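Student: Dropping a structure here in structure tokens format, bear with me for questions.
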Amino acid sequence: MLKELVLKTRTYRRFYGTEQISDETLRSLVDLARLTASSKNAQALRFKLVGKKDECAKLFPLVHWAGFLPEWGGPKGDEKPSAYILILADTSIQKDTKIDDGIAAQTIMLGATELGLGGCMMGAIERKQILELFSLDESRYTVELVLALGKPKEIVKIVSVGNDGSTKYFRDESQTHFVPKRDLKDIII
Ligand SMILES: Cc1cc2nc3c(=O)[nH]c(=O)nc-3n(C[C@H](O)[C@H](O)[C@H](O)COP(=O)(O)O)c2cc1C
Numbered sequence: 487m488l489k490e491l492v493l494k495t496r497t498y499r500r501f502y503g504t505e506q507i508s509d510e511t512l513r514s515l516v517d518l519a520r521l522t523a524s525s526k527n528a529q530a531l532r533f534k535l536v537g538k539k540d541e542c543a544k545l546f547p548l549v550h551w552a553g554f555l556p557e558w559g560g561p562k563g564d565e566k567p568s569a570y571i572l573i574l575a576d577t578s579i580q581k582d583t584k585i586d587d588g589i590a591a592q593t594i595m596l597g598a599t600e601l602g603l604g605g606c607m608m609g610a611i612e613r614k615q616i617l618e619l620f621s622l623d624e625s626r627y628t629v630e631l632v633l634a635l636g637k638p639k640e641i642v643k644i645v646s647v648g649n650d651g652s653t654k655y656f657r658d659e660s661q662t663h664f665v666p667k668r669d670l671k672d673i674i675i
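To convert, take the position in the sequence shown, counting from 1, and add 486; that gives this note's numbering.
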């Protein structure tokens, strides 16, 4: 059961963008993150919900898609995400929240999968401009990750890492997206 959820929780970058995600749904996803482990139980993470169309449109140019697919410029038209969750650190509580960031992000993505949603954790983002866009105090908050969310509109398949050892994701001519994962025997030492 959990393995099925983990398998389904792939990175998706094209969506049925006309399918809205309610504020209540976004709040329910953050509520999952609220309950997860936290270093020193400091709970320094804060979350900004971005679900309104105009806000999504302003945020979109500040995130960067699929560095290994430079010929693809990211989702277009109505294939863009329907919502985003910004993961912020309140640095007045804790400065380095990297591990908490990952736990919160994956928990939210697992929760999204359970609801038939999916998305992309994004670290290639314009942090300063995102803080400015949402009038967030840059002396207090850092933007850790952006989670782009929507109803996935693409097929993503896991494959084994090939003989060339490359872990770069790739797509075929039908735009099926392949993600090489290392075999279990190669990661247990
Ligand atoms: C911390 C982190 C940051 C990421 N940043 C980006 C990003 O900025 N843009 C993007 O398109 N994908 C980003 N990704 C998605 C990864 O490319 C993706 O997880 C990887 O290709 C493996 O695919 P999978 O999530 O389906 O296993 C990020 C993933 C993580 C964990």
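Cβ atoms here follow ideal geometry from the backbone N, Cα and C, with glycine treated the same way. These numbers were taken from a predicted model, which means no experiment stands behind them.
Three or more C-beta pairs under 8 Å: does that hold for the region 544-553 against the region 515-527?
Tutor: As far as the Cβ criterion goes, the region 544-553 does not touch the region 515-527, which means the pair count is below three.
Student: My assumption, with CB atoms under 8 Å, is that L631 sits in contact with A591. Please give the rounded CB distance.
Tutor: Taking the first residue of the sequence shown as 1, we reach residue 631 at position 145. Taking the first residue of the sequence shown as 1, we reach residue 591 at position 105. So it is a contact: roughly 5 Å between Cβ atoms.
Student: Can you tell me whether DSSP reads T599 as helix, strand or coil?
Tutor: Against the sequence shown, residue 599 aligns to sequence position 113. T599 falls in the helix class under three-state DSSP.
Student: For the alpha helix (DSSP H) that T511 lies in, which residues bound it at each end?
Tutor: Along the sequence shown, read from residue 1 onward, the residue named residue 511 stands at position 25. Start and end: D509 to R520.
Student: Need the endpoints of the beta strand (DSSP E) that V492 sits in, please.
Tutor: In the sequence shown, the residue the question calls residue 492 occupies position 6. Here V492 belongs to no beta strand (DSSP E); instead the alpha helix (DSSP H) covers L488 to K494.
Student: Can you check which of these residues, G553, D582, I589 and D564, is closest to M505 by C-alpha distance?
Tutor: Stepping through the sequence shown from its first residue, residue 505 is reached at position 19. The sequence shown places Glu at residue 505, not Met. Of the listed residues, the one whose Cα sits closest to E505 is D564.
Student: Can you tell me which of the three DSSP states K654 falls into?
Tutor: As a first step, residue 654 is located in the sequence shown; it is residue number 168 there, counting from the start. Here K654 sits in coil by DSSP.
Student: Taking Y627 and A569 to be in contact with their CB atoms under 8 Å, please state how far apart those CB atoms are, rounded to whole angstroms.
Tutor: As a working mapping, residue 627 is identified with position 141 in the sequence shown. As a working mapping, residue 569 is identified with position 83 in the sequence shown. About 20 Å separates the two Cβ atoms, so there is no contact after all.
Student: Excluding the 5 residues flanking L512 on each side, which residues of the same chain have their C-beta closer than 7 Å to its C-beta?
Tutor: Locating residue 512 in the sequence shown gives position 26, counting from the first residue. Excluding residues within five positions, the ones whose Cβ falls inside 7 Å are L535, G537, A569 and I571.
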